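Enquirer: Handing you a structure now.
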Amino acid sequence: MNNVYQDLKINFLKLAGAILFVGFLYRGDFQEMFRVILWGIVLPLFVGIIVNFFIKDDKQTKKISITVCLIILALIIFRSNSISPSPLILMAFAWGSLVLFLLGTLVINILLLFKKYLNRIKIENIAEIKIDSSGRLFVRPEKRIFDLIYKGVYPVSWDDNNKFLYYPNPEKMTYMETYSEILAAVLNEYDCRLKLTPNTVWVNIPDNIKKFILSRDLV
215 MNNVYQDLKI NFLKLAGAIL FVGFLYRGDF QEMFRVILWG IVLPLFVGII
265 VNFFIKDDKQ TKKISITVCL IILALIIFRS NSISPSPLIL MAFAWGSLVL
315 FLLGTLVINI LLLFKKYLNR IKIENIAEIK IDSSGRLFVR PEKRIFDLIY
365 KGVYPVSWDD NNKFLYYPNP EKMTYMETYS EILAAVLNEY DCRLKLTPNT
415 VWVNIPDNIK KFILSRDLV
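Okay, so the sequence shown: first residue is 215 according to the numbering used here, each after it adds one.
Put into structure tokens, the structure is as follows:
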């Protein structure tokens with residue numbers, strides 16, 4: 215993740231330098247400068263985003279984005295009414311190519327960060343852990359409901375009345391295994407990590423089981 219942020223900073227610095235370069239070329243004509251920058255940035259980034267949704271390989275995304283953008287800009291030139299392309303179109307063509315080569319990973323890095331944000335592991339505090347009279351270990355989340363967890367591959371169930379997660383066949387697993395199975399089920403089925411807090415209530419939990427659970431929370 216740190217490498218992604220570092221790449222983003224470098225790419226944005228390159229972008230700023232390129233914009234200053236175009237600003238120097240078009241100094242005094244802000245409208246023309248804005249149009250060139252618009253052609254050179256919006257088109258490559260738009261093409262890059264579209265291509266990235268279909269091509270997952272970073273190098274292929276860069277190559278295809280460059281090719282598509284150059285084709286679009288070339289079509290704009292050839293569809294020009296004038297015999298010779300206008301300086302604006304030629305500059306946009308060159309600027310678009312420059313941006314694509316300088317910022318080959320910019321779109322990919324931004325999308326990577328966005329995807330990581332959307333797919334980030336959520337944290338849910340554990341309100342209570344207890345062992346009932348039947349010997350079943352229950353884990354009660356603080357707020358979230360995991361009522362569809364039974365549809366997953368893990369043999370973990372949800373008590374909708376008491377809002378507990380539990381393993382229905384306690385005789386087949388130790389308490390340590392049951393707790394680990396509940397954590398794994400929530401993590402893999404809901405992208406959510408159950409976490410102990412100082413306010414977690416412990417009910418009928420032997421010291422050795424509590425010690426194990428506390429050690430699992432530190433992993």
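Glycine is no exception: its CB is placed at the ideal position from the N, C-alpha and C atoms. This structure is a prediction, so every number in the text was calculated from the model and none was measured.
Could you spell out where the beta strand (DSSP E) holding Val395 opens and where it closes?
Expert: Here residue 395 refers to the residue found at position 181 of the sequence shown. One detail in the question is off: residue 395 reads as Glu in this sequence, not Val. Looking at the DSSP string, Glu395 is not in any beta strand (DSSP E); the run it does join, the alpha helix (DSSP H), is 389-404.
Enquirer: Of all the options Ser348, Lys344, Phe360, Leu351, which has the alpha carbon lying nearest to the alpha carbon of Arg407?
Expert: Looking up residue 407 in the sequence shown gives position 193. For Arg407, the nearest C-alpha among the options comes from Phe360.
Enquirer: Nearest-angstrom Cα distance between Val400 and Ile363?
Expert: By one-based count along the sequence shown, residue 400 stands at place 186. By one-based count along the sequence shown, residue 363 stands at place 149. C-alpha separation (whole angstroms): 7 Å.
Enquirer: Tell me Pro378's beta-bridge partners as DSSP assigns them.
Expert: Residue 378 sits at position 164 when you count from the first residue of the sequence shown. The displayed chain sequence assigns Phe, not Pro, to residue 378. BP columns for Phe378 point to Asp373.
Enquirer: In whole angstroms, give me the CA-to-CA distance for Asn383 and Glu395.
Expert: Walking along the sequence shown from the start, residue 383 turns up at place 169. Walking along the sequence shown from the start, residue 395 turns up at place 181. Between Asn383 and Glu395, the C-alpha separation is close to 12 Å.
Enquirer: Where does Pro384 sit, in a helix, a strand or coil, going by DSSP?
Expert: Within the sequence shown, residue 384 is the residue found at index 170, counting from 1. Correct three-state label for Pro384: helix.
Enquirer: Taking the alpha carbon of Val370 as the reference point, which residue from Thr392, Asn422, Ile345, Arg354 has its own alpha carbon closest?
Expert: By 1-based counting over the sequence shown, the position of residue 370 is 156. Comparing Cα-Cα distances from Val370 to each of Thr392, Asn422, Ile345, Arg354, the minimum goes to Thr392.
Enquirer: Indicate the three-state DSSP secondary structure (helix, strand or coil) for Lys425 in the structure shown.
Expert: Working through the sequence shown from its first residue, we reach residue 425 at position 211. If DSSP states are grouped into helix, strand and coil, Lys425 belongs with the helices.
Enquirer: From Phe415 to Lys344, what does the alpha carbon distance come to, in whole angstroms?
Expert: Translated into the one-based positions of the sequence shown, residue 415 becomes position 201. Translated into the one-based positions of the sequence shown, residue 344 becomes position 130. Note that residue 415 is Val in the sequence shown here, rather than Phe. Each residue's Cα considered, the two are about 8 Å apart.
Enquirer: Asp346 and Asn413: beta carbons closer than 9 Å?
Expert: Taking the first residue of the sequence shown as 1, we reach residue 346 at position 132. Taking the first residue of the sequence shown as 1, we reach residue 413 at position 199. Result no, Cβ atoms of Asp346 and Asn413 do not sit closer than 9 Å.
Enquirer: Closest to Pro355 by C-alpha separation, out of Asp421, Phe426, Leu397, would be which residue?
Expert: As a working note, residue 355 is residue 141 in the sequence shown. The shortest Cα separation from Pro355 among Asp421, Phe426, Leu397 belongs to Leu397.
Enquirer: Where does the unbroken beta strand (DSSP E) through Ile419 begin, and where does it stop?
Expert: The count along the sequence shown starts at 1 and reaches residue 419 at position 205. Premise fails: Ile419 is in no beta strand (DSSP E) and is neither H nor E.
Enquirer: Rounded to a whole number of angstroms, what is the C-alpha to C-alpha distance between Tyr381 and Lys336?
Expert: Taking the first residue of the sequence shown as position 1, residue 381 is located at position 167. Taking the first residue of the sequence shown as position 1, residue 336 is located at position 122. If you take the alpha carbons of Tyr381 and Lys336, they lie about 22 Å apart.
Enquirer: Please identify the residue among Met387, Val367, Phe352, Tyr368 whose C-alpha is closest to the C-alpha of Asp374.
Expert: In the sequence shown, the residue the question calls residue 374 occupies position 160. Comparing Cα positions, the closest option is Phe352.
Enquirer: Which residues in the same chain as Met387 place their Cβ atom closer than 8 Å to its Cβ, once the five residues preceding and following it in sequence are excluded?
Expert: Along the sequence shown, one-based indexing puts residue 387 at 173. Closer than 8 Å at the Cβ level, and outside the excluded window around Met387, lie Tyr381, Glu395.
Enquirer: Do you know whose CA, among Gly366, Ala341, Glu342, lies nearest Asp405's CA?
Expert: By 1-based counting over the sequence shown, the position of residue 405 is 191. That would be Gly366, whose Cα lies nearest to the Cα of Asp405.
Enquirer: In terms of residue numbering, what span does the beta strand (DSSP E) encompassing Arg358 cover?
Expert: Taking the sequence shown and counting its residues from 1, the one referred to as residue 358 is at position 144. Careful: Arg358 lies outside any beta strand (DSSP E) and carries neither H nor E.
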